[in-house]
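Below is one structure, written out as structure tokens; comments come after it.
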Amino acid sequence: MAEEQTERDDGAVAQAEESLSVTDNRTGETYELEIHDGTVTAMDFRQMKVNEDDFGLMTYDPAYTNTAHCRSDITYIDGDAGILEHRGYTIEQLCEDSNYLEVAYLLIHGELPSKEQYENWAFDVTHHTFVHENIKKFMEGFRYDAHPMGMLLATVGALSTFYPESKAITDDRERYIAAVRMIAKMPTLAAFAYRQSLGLPYVYPDNDLDYPSNFLSMLFKMTEQQYEPDPRLSRALDVLFILHADHEQNCSTAAVRAVGSSQVDPYSAVAAGVAALYGPLHGGANEAALQMLDRIGSVENIPDFLEGVKSKEERLVGFGHRVYKNYDPRARLIKQSVDEVFEVTGVNPKLKIAQELEKRALDDEYFTSRKLYPNVDFYSGLIYEALNLPRAMFTVIFAIPRTSGWIAQWLEMVDDEEQRIARPRQIYTGERERDFVSIDDRPSADPLYPPSEPLSPEVSTPDV
Ligand code: ACO
Numbered sequence: 001m002a003e004e005q006t007e008r009d010d011g012a013v014a015q016a017e018e019s020l021s022v023t024d025n026r027t028g029e030t031y032e033l034e035i036h037d038g039t040v041t042a043m044d045f046r047q048m049k050v051n052e053d054d055f056g057l058m059t060y061d062p063a064y065t066n067t068a069h070c071r072s073d074i075t076y077i078d079g080d081a082g083i084l085e086h087r088g089y090t091i092e093q094l095c096e097d098s099n100y101l102e103v104a105y106l107l108i109h110g111e112l113p114s115k116e117q118y119e120n121w122a123f124d125v126t127h128h129t130f131v132h133e134n135i136k137k138f139m140e141g142f143r144y145d146a147h148p149m150g151m152l153l154a155t156v157g158a159l160s161t162f163y164p165e166s167k168a169i170t171d172d173r174e175r176y177i178a179a180v181r182m183i184a185k186m187p188t189l190a191a192f193a194y195r196q197s198l199g200l201p202y203v204y205p206d207n208d209l210d211y212p213s214n215f216l217s218m219l220f221k222m223t224e225q226q227y228e229p230d231p232r233l234s235r236a237l238d239v240l241f242i243l244h245a246d247h248e249q250n251c252s253t254a255a256v257r258a259v260g261s262s263q264v265d266p267y268s269a270v271a272a273g274v275a276a277l278y279g280p281l282h283g284g285a286n287e288a289a290l291q292m293l294d295r296i297g298s299v300e301n302i303p304d305f306l307e308g309v310k311s312k313e314e315r316l317v318g319f320g321h322r323v324y325k326n327y328d329p330r331a332r333l334i335k336q337s338v339d340e341v342f343e344v345t346g347v348n349p350k351l352k353i354a355q356e357l358e359k360r361a362l363d364d365e366y367f368t369s370r371k372l373y374p375n376v377d378f379y380s381g382l383i384y385e386a387l388n389l390p391r392a393m394f395t396v397i398f399a400i401p402r403t404s405g406w407i408a409q410w411l412e413m414v415d416d417e418e419q420r421i422a423r424p425r426q427i428y429t430g431e432r433e434r435d436f437v438s439i440d441d442r443p444s445a446d447p448l449y450p451p452s453e454p455l456s457p458e459v460s461t462p463d464v
């Protein structure tokens, strides 16, 4: 272990307690790289060159599987121990003692609010839930079968046109209002998208209801004066919101940070997060878990299904995680909510299959040796289904609470002096220095894209 001292830009002296010696076998040169927080700096490799004209060594990390792209104070995960903490508070404590709006405050402000701060925050969020009437018209323009996540993505992006002042990304007041507006309006947009897909009139927000109850009201209210959700269902939804609020540098959060690094307004950056979450590898696994339970059909079919998983013909969806190599703490907490929800809605027969599947998998060396445990998606779909939500809405409901995480991460990124516009490098593998050939002299070849058949003109296929 080497002790080194380096001068930082601000004149302070940083102590490198650990270092890495790297010998470049192309030149025989040895370099000492500082290790801070278990990390070496990628730019330190750039000095390693074979000659003066050499660009210098880069690191190659497709999908950023071993690259820390920021420092963050927001969320801590220990995947081996199954620990998830926000601002130092365990997810178990937050689910037990807090509510989603308070957790959103914690993520964004860094501390739990005082009573007065919480009241002001809840008041502000509650009083910014309405959207401009033109957003409604915009939504009405979607086709009858538009996916609600596509509608959410488009309308969050559209919000930036209603609040051009949010471009002042370093102005504290503008940032606060944008945070409040996004957290407040996301459930409204999500519920409008749902009602649009059913051809039902939109339900306006009800300021007398708490955050999850207001969302349920906007989804399900029909002719009653005031929608009164069962408090156990509101609480279960609130717990789901807490569990999905942030999960450090996942795909959508990395997208929000990358897009936000161009200094675009926060609505546009969050729209990028919604787009990333839309993908089946990110926000869509709970839907796939339900489809799997449907396919299994009954408890008797589980042994055959697990054999299929072991022979790799099947995937046990809702099991395994890139980071957690232990029980996903969120799955454990969701499991508790499942019982409370089913008390109100009646038991979904798929629960039995899920429980037996989990029991058998956790008894099986194939899964234990690979450290495959239930993840957040194994049980969450069962709750959404019990709430009568269509599967297309599952990812939308994920996006509502994740908005607070995206905003917290966006704020941290904007204030981080080490950050600049995100701009990865590439290893170029294409041709170089070719002579342009005129179109008449080019050999005919199979087109690479689009494939063989020419497209029919759109005017002749009005598939409305
Ligand atoms: N079912 C069966 N086998 C699995 C599963 C699974 N769900 N997950 C991993 N494995 C096996 C792999 O086949 C591999 O086995 P091998 O060593 O014999 O080849 C081994 O476990 C390691 O798996 P990897 O694919 O390397 O793990 P990775 O970290 O890349 O993948 C992932 C993580 C994508 C989540 C994976 O576990 C998976 O596909 N799970 C099912 C989908 C799912 O539930 N996704 C939701 C994740 S939570 C979220 O995104 C909110």
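Take the sequence shown: its position 402, counting from 1, is numbered 402 in the numbering used here, and each next residue is one higher. Positions of the beta carbon are idealized from the N, C-alpha and C atoms, including for glycine.
Cβ-heavy atom distance, residue i to the ligand ACO, below 7 angstroms
i, result
"residue 109", "no"
"residue 290", "no"
"residue 376", "yes"
"residue 320", "yes"
"residue 245", "no"
"residue 256", "no"
"residue 282", "yes"
"residue 391", "no"
"residue 382", "no"
"residue 309", "yes"
"residue 402", "no"
"residue 315", "yes"
"residue 181", "no"
"residue 434", "no"
"residue 372", "yes"
"residue 184", "no"
As assigned by DSSP and simplified to three states, the class of residue i
i, result
"residue 109", "helix"
"residue 2", "The predicted position of residue 2 is uncertain, since its pLDDT is 37 and thus under 50; a value taken from the coordinates is nonetheless stated next. Of the three classes helix, strand and coil, the one that applies to residue 2 here is coil, per DSSP."
"residue 170", "coil"
"residue 22", "strand"
"residue 427", "coil"
"residue 31", "strand"
"residue 65", "coil"
"residue 223", "coil"
"residue 59", "coil"
"residue 253", "helix"
"residue 41", "coil"
"residue 422", "coil"
"residue 70", "coil"
"residue 301", "helix"
"residue 11", "A caution first: residue 11 carries a pLDDT of 49, below 50, which makes its placement in the model unreliable, though a value can still be read off. Correct three-state label for residue 11: coil."
"residue 275", "helix"
"residue 123", "helix"
"residue 402", "helix"
"residue 457", "coil"
"residue 17", "coil"
"residue 324", "coil"
"residue 153", "helix"
"residue 188", "helix"
"residue 312", "coil"
Under 8 angstroms between C-beta atoms of residue i and residue j
i, j, result
"residue 159", "residue 194", "no"
"residue 396", "residue 149", "yes"
"residue 205", "residue 129", "yes"
"residue 302", "residue 338", "no"
"residue 135", "residue 107", "no"
"residue 245", "residue 103", "yes"
"residue 333", "residue 239", "yes"
"residue 162", "residue 286", "no"
"residue 342", "residue 386", "yes"
"residue 324", "residue 366", "no"
"residue 41", "residue 68", "no"
Beta-ladder partner(s) of residue i, from DSSP
i, result
"residue 86", "75, 89"
"residue 233", "Note: residue 233 sits in no beta bridge, so no partner."
"residue 319", "374"
"residue 36", "39"
Residue i beta carbon near the ligand COA (any heavy atom closer than 7 angstroms)
i, result
"residue 295", "Of the ligands one can find in the structure shown, namely the ligand ACO, none is the ligand COA."
request  = Check whether the segment 275 to 288 touches the segment 145 to 162, taking contact to mean three or more Cβ pairs, one atom from each stretch, closer than 8 angstroms.
outcome  = Counting Cβ pairs under 8 angstroms, three or more are found: they touch.
| query | Would you call the segment 351 to 361 and the segment 292 to 303 touching, i.e. three or more CB-CB distances under 8 angstroms? | reply | As far as the Cβ criterion goes, the segment 351 to 361 touches the segment 292 to 303, which means the pair count is three or higher.
Segment contact, 8 angstroms Cβ cut-off, at least three pairs: the segment 78 to 86 with the segment 205 to 225 | Judged by Cβ distances under 8 angstroms, the segment 78 to 86 makes no contact with the segment 205 to 225, as fewer than three pairs qualify.
* Hey, is the segment 45 to 56 in contact with the segment 18 to 34, meaning 3+ C-beta pairs nearer than 8 angstroms? -> With a cut-off of 8 angstroms, the segment 18 to 34 and the segment 45 to 56 count as touching, because enough Cβ pairs lie within range.
Is the segment 427 to 437 touching the segment 258 to 271 in the sense that three or more CB pairs, one from each, lie closer than 8 angstroms?
With a cut-off of 8 angstroms, the segment 427 to 437 and the segment 258 to 271 do not count as touching, because too few Cβ pairs lie within range.
For this session: Answer yes if the segment 260 to 269 comes into contact with the segment 178 to 190, meaning at least three C-beta pairs across the two stretches below 8 angstroms, and no otherwise.
Result: Yes: at least three Cβ pairs fall under 8 angstroms.
How do the segment 318 to 333 and the segment 84 to 99 stand: do at least 3 beta-carbon pairs fall below 8 angstroms, yes or no? Below 8 angstroms, enough C-beta pairs join the segment 318 to 333 and the segment 84 to 99 to call them touching: three or more.
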